[in-house]
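So the sequences go chain by chain: A and B. The first sequence maps to residues 1 to 339 in the UniProt record's numbering. The second sequence maps to residues 1 to 339 in the UniProt record's numbering. Note that beta-carbon positions come from the ideal geometry of N, C-alpha and C, so glycine has one too. Computed from a prediction, not measured in an experiment: that's the story for all the values here. Have a look at the structure below before the remarks.
Number of protein chains: 2
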Amino acid sequence: MVTLKQLARELNVSISTVSKALNNSEEIGEETVRRVKELAELYNYKPNKVALSLKQNKTKTIGVIIPNILNHFLAKVLFGIEREATKLGYNIITCISNESLDKEKESLQILANGSVDGFILSVAEETQIKNEVDHFKKTISQGLPIVMFDRVAHDVMCDKVIVDDFDATYNATKGLLNEGRKRIAFISNIDQISVGKLRERGYAKAILENHDMEPITLIIKKKDDHQKKIKSFLKKNKDIDGVIAADSSSGIIAINTAVNQGKKVPKDISVIGYASRADSNHTLPRLTTIRQHAKVIGANAAQMLVHRLQNMHLNEDVKTKIVKTSLVKTKSILKENNP
Amino acid sequence: MVTLKQLARELNVSISTVSKALNNSEEIGEETVRRVKELAELYNYKPNKVALSLKQNKTKTIGVIIPNILNHFLAKVLFGIEREATKLGYNIITCISNESLDKEKESLQILANGSVDGFILSVAEETQIKNEVDHFKKTISQGLPIVMFDRVAHDVMCDKVIVDDFDATYNATKGLLNEGRKRIAFISNIDQISVGKLRERGYAKAILENHDMEPITLIIKKKDDHQKKIKSFLKKNKDIDGVIAADSSSGIIAINTAVNQGKKVPKDISVIGYASRADSNHTLPRLTTIRQHAKVIGANAAQMLVHRLQNMHLNEDVKTKIVKTSLVKTKSILKENNP
């Protein structure tokens with residue numbers, strides 16, 4: 001079996017010139033294209049092996065596509081990817097899709113053009129809504145493996161790293177029920193994205209398992225005054241004795257508002273939220289938080305991709321790794337919380 | 001004057017092959033290198049024009065190098081760069097230097113290799129400490145312009161976008177003095193980076209202009225318990241009636257701690273901090289903030305780089321743009337704050 005390298009040597013041109021010529025690249029002169037193709041035909045070289053052969057020419061670089069860089073969780077995953085990739089001897093190059101399908105496609109194209117060996121990405125909001133997956137499948141078929149994290153496309157056969165959002169919120173709500181809380185509210189300003197919905201479902205399941213209870217939900221929109229909404233919600237529902245917050249600000253504002261309205265935390269009301277360690281400092285007492293381990297997610301994604309890149313010949317089955325959240329308990333919940 | 005394109009046409013090879021041959025790239029066969037060089041000599045083509053000529057072959061892509069993606073200010077600048085670049089018809093590719101000089105050099109190399117037309121970057125901490133600038137100068141001399149933002153290298157002749165940290169902190173401190181505050185403290189957990197130092201100097205200058213006043217400073221280290229430090233500081237210094245916070249968490253914790261210790265904000269104590277709009281929601285009353293307009297900084301950097309890319313032939317003088325901060329006043333300061 002003839003390789004690109006052998007063709008290149010025989011023709012006294014570079015490997016990339018051979019590969020470009022076989023792909024009819026405009027960059028290569030007509031005469032060169034003709035010479036390359038004649039020799040390839042003579043040796044029965046098949047152009048569909050180009051992608052595979054180019055892979056021998058590893059860039060040792062991973063392309064990362066992030067939907068929204070202002071999302072602190074995603075920024076932390078990126079940090080985790082970067083740190084682990086460096087340990088494994090890989091560089092990373094990042095593009096931001098800005099939640100746009102077109103930008104996501106464009107980013108894949110820019111980087112697939114010989115700059116990277118494979119991709120780690122979280123799917124853009126628009127892509128999720130339109131349920132488009134062809135651009136991912138095409139990339140994979142070109143010999144560039146993809147690892148998806150957090151927001152994944154279930155219809156694409158590739159390695160995935162996901163978080164147990166549903167279970168985590170279900171368990172947190174169960175914890176407040178075990179404290180003896182009777183009126184537990186769910187507050188969210190991320191209702192529009194898939195993980196926001198998963199968290200709401202986890203909360204609702206725990207509540208509805210009690211026949212005498214109903215979910216109490218406050219959805220805050222992007223344009224709303226976050227503080228005002230929570231203030232009037234807690235004022236109107238004075239009997240609320242527990243809060244599960246789906247995003248990093250809602251839990252913090254809930255505690256500060258409750259204290260401001262003369263309630264004692266956790267005597268009168270327990271609060272649990274999704275937040276980072278730094279943000280949990282923004283309340284007194286500190287907010288009890290569901291930690292998603294963003295950096296661990298990033299590290300896992302990097303490990304999975306590098307493993308696949310180094311074992312392409314094995315053609316292993318795709319895997320889905322679940323990174324479990326953990327509940328970091330502070331004085332914003334009662335001690336009896338433990339089941 | 002002969003161009004790369006003309007050489008390529010005459011030799012029936014690609015432009016990139018000519019350019020690589022002139023640079024003695026190992027990718028190109030010896031025979032081709034010889035033919036290219038002979039023709040280049042015949043036409044008196046000078047290899048030092050290679051970089052410039054390659055520029056004709058625009059990628060319409062900007063390389064961005066960010067020192068720390070977990071820093072929300074830097075993430076917001078990146079967002080601003082991305083949005084403006086898209087408007088101007090450019091893609092961006094990002095690398096993270098992780099505050100490391102080696103990573104910064106590596107990122108420049110990876111991207112300078114034909115992937116981008118120019119760079120927007122903020123200098124890594126290690127690079128600032130070692131005061132290394134050769135890698136920036138080399139990149140610029142290769143025909144790839146750089147725009148630096150926030151953390152800039154003064155010894156490099158290139159376009160820059162900076163923030164008026166010193167003036168902003170000076171003015172905020174003056175504001176609290178105009179309220180009649182007598183014991184104004186400065187709290188910071190970013191003492192180790194250059195903007196942290198600038199902010200402290202701005203605060204100290206305003207304080208020292210009053211002969212009977214002394215700076216009162218609390219420096220919090222990365223490993224410290226942020227809440228505990230501020231709690232015991234405010235407990236020990238009960239007469240503190242004003243706080244200027246250099247980072248986003250310190251101002252929030254200061255308000256929450258003061259309220260918890262029975263003080264009224266702003267009757268007993270005024271607090272101003274550097275924080276985003278979202279974070280200013282984390283206190284009741286909301287934190288008065290010095291806004292840095294990170295997205296504007298990013299947009300300016302993108303505009304400056306694209307302007308330079310589109311006017312390389314004019315060889316314009318380098319410019320430094322200062323983006324002014326603004327003070328967003330809330331009920332965490334007295335009304336008399338205005339001078």
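Listed as beta-bridge partners of Cys-95 of chain A by DSSP are A:Ile-65. Excluding the 5 residues flanking it on each side, Leu-88 of chain B has same chain C-beta neighbours closer than 6 angstroms at Val-306, in chain order. Classified as exposed, Leu-42 of chain B has fewer than 16 neighbouring CB atoms from the shown chains inside 10 Å of its CB.
When DSSP states are grouped into helix, strand and coil, Ala-153 of chain A belongs to the coil group. According to DSSP, residue pairing for Ile-272 of chain B in a beta bridge involves B:Ile-244 and B:Thr-288. Sequence-distant Cβ neighbours of Ile-272 of chain B in its own chain, meaning closer than 6 angstroms and more than five residues away, are Ala-172, Ile-244 and Thr-288. Under a criterion of Cβ atoms nearer than 8 angstroms, no residue of chain B is adjacent to Gln-192 of chain A; the nearest Cβ is some 17 angstroms distant. In chain order, Leu-101 and Glu-104 place their CB closer than 7 angstroms to the CB of Thr-127 of chain B, counting only its own chain and leaving out the 5 sequence neighbours on each side. Taking the Cβ atoms as the reference, Glu-179 of chain A lies roughly 13 angstroms from Leu-327 of chain A, outside the contact range of under 8 angstroms.
Interface with chain B (8 angstroms Cβ-Cβ cutoff): Thr-257 of chain A is included. Boundaries of the beta strand (DSSP E) harbouring Ser-188 of chain A: 184-188, taken from the DSSP string. Tyr-274 of chain A and Ser-249 of chain A have their C-alpha atoms some 9 angstroms from each other. In this structure, the beta-carbon distance from Ile-193 of chain B to Glu-125 of chain B falls below 8 angstroms.
Assigned with DSSP and collapsed to three states, Leu-218 of chain A falls in strand.
DSSP places Gly-180 of chain A outside both helix and strand once states are collapsed to three, so it counts as coil.
For Gly-298 of chain A, not one C-beta of chain B is nearer than 8 angstroms to its own C-beta. Here the segment 305-324 of chain B makes no contact with the segment 248-267 of chain B; the two share fewer than three CB pairs at distances below 8 angstroms. Three or more beta-carbon pairs separated by less than 8 angstroms are not found between the segment 25-33 of chain B and the segment 315-325 of chain A, which leaves the two stretches without contact. For Arg-151 of chain B against Val-123 of chain B, the beta-carbon gap comes to about 5 angstroms, under 8 angstroms, which counts as contact. Among the residues of chain B, those whose CB is under 8 angstroms from the CB of Gln-227 of chain A are Asn-281, Leu-284 and Arg-286, following chain order. Residue environment: Ser-270 of chain A is assigned as buried (16 or more neighbouring CB atoms within 10 Å of its CB, all protein chains considered). Within the DSSP secondary-structure output, Leu-327 of chain A pairs in a beta bridge with A:Ile-290.
Around Cys-95 of chain B, the beta-carbon contacts reaching into chain A at under 8 angstroms are Asn-91, Ile-92, Ile-93 and Thr-94. Taking the CA atoms as reference points, Val-296 of chain A sits about 33 angstroms from Leu-218 of chain B. Between Asn-12 of chain A and chain B, the shortest Cβ-Cβ separation is below 8 angstroms.
The three-state secondary structure of Gly-118 of chain B, taken from DSSP, is strand.
The beta carbon of Ile-240 of chain A is closer than 6 angstroms to those of Arg-183 and Ala-185 in its chain, skipping five residues each way along the sequence. Glu-31 of chain B has a beta carbon lying within less than 8 angstroms of a beta carbon in chain A. In this structure, the CA atom of Glu-209 of chain A is about 33 angstroms from the CA atom of Met-148 of chain A. For Ile-129 of chain A, no Cβ of chain B is located within less than 8 angstroms of the residue's own Cβ. The beta carbon of His-72 of chain A falls within 8 angstroms of a beta carbon belonging to chain B, placing the residue at that interface. Ala-8 of chain B and Thr-86 of chain B have their C-alpha atoms spaced approximately 33 angstroms apart.
The residues Gln-292 and Ala-294, in chain order, have a CB closer than 7 angstroms to that of Phe-73 of chain B in the same chain once the five nearest residues on each side in sequence are set aside. Per DSSP, the unbroken beta strand (DSSP E) holding Ile-162 of chain B starts and ends at 159-163. Contact between Lys-137 of chain B and Val-156 of chain B holds: CB atoms are separated by about 6 angstroms, below the 8 angstroms threshold.
For Val-195 of chain B, the three-state secondary structure derived from DSSP is helix.
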